[in-house]
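Here the structure comes first, spelled out in structure tokens, and everything after it is commentary.
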Amino acid sequence: ADEAVVHTTWADLDRTVEADHLTCIYIPSLGAPVGAELVRFHQLARTLREQCPWDQEQTHATLVRYLLEETYELVDALQALDPDDPATDEHLLEELGDVLYQIEFHATIAEQEGRFTMADVARNVHDKLVRRHPHVFGDVTADDSETVKANWDAIKREEKGRTSVFDGVAAAQPSLSYAEAVQRKAAKVGFDWPDVHGALPKIAEEAGELLAASEAGDPAHVADELGDLLFAVVNVARHLHVEPETALRAATGKFRTRFEAVEALARARGLDLHTAGLDALDALWDEVKRRG
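Counting the sequence shown from 1 gives a position; the numbering used here is that position plus 40.
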């Protein structure tokens, strides 16, 4: 009746376990020496910062473009994952490392400036995750993911002292993701259509307003109405549980692949795309679509 299983960390062992002569400790083996590799990686980042002229010139601001580039390359690697193709794992491994290096680079700059270190970064995110998972590390009950997310948001609001539902929504993220995040936050307080059937008609409504603005010839009004139409499309995507950024990226990739096939077909038939005309291009496009 007194038997208990306690999951804890090595650092908290003496505070969470009341040991006696019957206590057993099970320490699972790690698949790889994570700590040693991270220390080696950290030392490399410091060496590069101290000895490489390019690394020495970088600042938090100049590195932003590289963080974005590496993040998008990571997204591509994730979307290309194929369980039957080990090469896609190697690609993901490489891109994860590139993003990790960007994080390490920023932490190294901060360390040199005496503000914080990579250890502070790791400790901060560790402690935050523990606080926001009271159903794992505390006595809170959460039987489903919706409860987990609700608890997370409540804890986050309390930690940050936020007053607006939009506090913390990053405005610098891609526009489709930004729109989806804003809509999702508003929906959490009840400002939302009950289902997709309320959101869908807004697309036709906004398309009509865009057409009217276009016919009126006011560029600013056209841009405004086009934004409203895009916002309505994102709202439909959210109700259908589709990530709009991912969906548009996939559609763009599909278009690119098909048009590259059109280019190849045109070359094989001696056609110049620049002079072939729309009818000929449409015919090639339809042929490519039929081929799948």
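Glycine is no exception: its CB is placed at the ideal position from the N, C-alpha and C atoms.
Quick caveat: nothing in here was measured; it's all calculated off a predicted structure.
Check your understanding: For the candidate residues Ala277, Tyr141, Gly317, whose alpha-carbon lies nearest to that of aspartate 235?
Key -> Along the sequence shown, one-based indexing puts residue 235 at 195. The candidate whose alpha carbon is nearest that of aspartate 235 is Ala277.
Review point. Where do the ends of the alpha helix (DSSP H) carrying glutamine 213 lie?
Key: Translated into the one-based positions of the sequence shown, residue 213 becomes position 173. From DSSP, glutamine 213 is part of no alpha helix (DSSP H); its letter is neither H nor E.
Check your understanding: What number of angstroms, rounded off, separates the C-alpha of tryptophan 50 from the C-alpha of alanine 219?
Key -> Taking the first residue of the sequence shown as position 1, residue 50 is located at position 10. Taking the first residue of the sequence shown as position 1, residue 219 is located at position 179. Cα to Cα, tryptophan 50 sits roughly 43 Å from alanine 219.
Exercise for review: Examine the Cβ distances between the stretch 262-281 and the stretch 222-241 and report whether three or more of them are shorter than 8 Å.
Suggested key: As far as the Cβ criterion goes, the stretch 262-281 touches the stretch 222-241, which means the pair count is three or higher.
Check your understanding: For glutamate 303 versus leucine 318, is the C-beta spacing smaller than 8 Å?
Key -> By one-based count along the sequence shown, residue 303 stands at place 263. By one-based count along the sequence shown, residue 318 stands at place 278. No.
Practice item. Please list, in chain order, all residues of the same chain as leucine 250 whose beta carbon is under 8 Å from its beta carbon, the five residues on each side excluded. Key: Looking up residue 250 in the sequence shown gives position 210. Excluding positions up to five away in sequence, the list reads Val262, Glu265, Leu266, Asp268, Leu269.
**Study point:** Exposed unless 16 or more other CB atoms sit within 10 angstroms - verdict on threonine 148
**Key:** Counting from one through the sequence shown, the residue named residue 148 turns up at place 108. Per the 10 Å Cβ criterion, buried.
Review point. Of the residues Asp193, Glu255, Pro259, which one's Cα is nearest the Cα of valine 229?
Key: Counting from one through the sequence shown, the residue named residue 229 turns up at place 189. For the set Asp193, Glu255, Pro259, the Cα lying nearest the Cα of valine 229 is the one of Asp193.
**Study point:** Identity of the residue in Phe145, Arg55, His131 nearest leucine 84 by Cα
**Key:** Within the sequence shown, numbered from 1, the residue matching residue 84 stands at position 44. Nearest option by C-alpha distance: Phe145.
Check your understanding: Hey, quick one: how far does the alpha helix (DSSP H) through phenylalanine 231 stretch, first residue to last?
Key -> Start at 1 with the first residue of the sequence shown, and residue 231 comes out as number 191. Phenylalanine 231 -> no alpha helix (DSSP H), and no H or E assigned at all.
Review point. Going by beta carbon distance, what residues of the same chain come within less than 7 Å of aspartate 122, once the five residues before and after it are set aside?
Key: As a first step, residue 122 is located in the sequence shown; it is residue number 82 there, counting from the start. So the qualifying residues of the chain are Thr128.
Check your understanding: Going by other Cβ atoms of all chains shown within 10 Å of its Cβ, with 16 needed for buried, is asparagine 275 buried or exposed?
Key -> Taking the sequence shown and counting its residues from 1, the one referred to as residue 275 is at position 235. Flag for asparagine 275 reads buried.
**Study point:** Cutoff 8 Å; reference lysine 196; Cβ partners in own chain excluding five residues on either side
**Key:** Looking up residue 196 in the sequence shown gives position 156. Result list for lysine 196: Arg172, Arg202, Gly208, in chain order.
Point to revise | Among Val282, Asp42, Ser69, Pro73, the one whose alpha carbon lies nearest that of alanine 59 | key: The sequence position of residue 59 within the sequence shown is 19, counting from 1. Ranking Val282, Asp42, Ser69, Pro73 by Cα distance to alanine 59 puts Asp42 first.
Point to revise | Three-state secondary structure (DSSP) of glutamate 58 | key: Mapped onto the sequence shown, residue 58 falls at position 18. Note: glutamate 58 maps to coil in three-state DSSP.
Exercise for review: Would you mind reading off the limits of the alpha helix (DSSP H) that contains leucine 305?
Suggested key: As a working note, residue 305 is residue 265 in the sequence shown. Run containing leucine 305: 284-308, per the alpha helix (DSSP H) assignment.
Review point. Can you give the Cα-Cα distance for phenylalanine 4 and tryptophan 233, rounded to whole angstroms?
Key: Any question about residue 4 goes unanswered here, given that the chain covers just 41 to 332.
Practice item. Give the single residue among His281, Arg289, Pro73, Gly332 whose Cα lies nearest to the Cα of alanine 301. Key: Numbered from its first residue, the sequence shown carries residue 301 at position 261. Measuring from the Cα of alanine 301, the nearest candidate turns out to be Gly332.
Exercise for review: Using alpha carbons as the reference points, say which of Glu198, Lys168, Glu285, Arg163 lies closest to serine 215.
Suggested key: Reading the sequence shown from its first residue, position 175 is the one you call residue 215. Among Glu198, Lys168, Glu285, Arg163, the Cα nearest to that of serine 215 is on Glu285.
Exercise for review: Count the other CB atoms, across all protein chains shown, that sit within 10 Å of the CB of leucine 62; report buried if there are 16 or more and exposed otherwise.
Suggested key: As a working mapping, residue 62 is identified with position 22 in the sequence shown. It is exposed - the Cβ of leucine 62 has fewer than 16 other Cβ atoms within 10 Å.
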